[in-house]
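Read the structure below first, then the notes.
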Amino acid sequence: MHLHNLVATRGVRIILTTHDLEFARIAERALVGEDRRIACDAASAEAVETYRRMIMSDTP
Numbered sequence: 478m479h480l481h482n483l484v485a486t487r488g489v490r491i492i493l494t495t496h497d498l499e500f501a502r503i504a505e506r507a508l509v510g511e512d513r514r515i516a517c518d519a520a521s522a523e524a525v526e527t528y529r530r531m532i533m534s535d536t537p
């Protein structure tokens with residue numbers, strides 16, 4: 478992927494906002510926001526799972 482090449486060869490850091498959880502998994506780290514605060518700052522797989530749990534807990 479082109480983004481990985483930029484990071485690896487040039488040391489570029491990328492901040493990306495997405496709702497695509499599979500795409501979010503390619504990140505090194507991820508933040509999850511809730512109620513205007515950071516609810517999770519972790520490796521991407523952990524952050525995605527935290528987000529899924531948060532969403533499922535709000536489901537009636």
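In this note's numbering, the protein residues as written are 478 to 537.
Even for Gly, the Cβ is constructed at its ideal location relative to N, Cα and C.
C-beta atoms of residue i and residue j nearer than 8 Å
i    : j    : result
M531 : E511 : yes
A519 : A501 : no
Residue closest to residue i, alpha-carbon to alpha-carbon, out of the options
i    : options                : result
I492 : R513, T486, R514, S521 : S521
D497 : V509, V484, T486, C517 : V509
C-alpha gap between residue i and residue j, whole angstroms
i    : j    : result
I503 : E523 : 12 Å
T527 : N482 : 28 Å
D535 : T495 : 20 Å
L529 : I515 : The sequence shown places Arg at residue 529, not Leu. The straight-line gap from Cα to Cα measures roughly 15 Å.
L480 : M533 : 31 Å
Starting from the N-terminal side, write out each stretch of the alpha helix (DSSP H) that is 4 residues or longer and does not extend beyond the segment 489-518. 498-501
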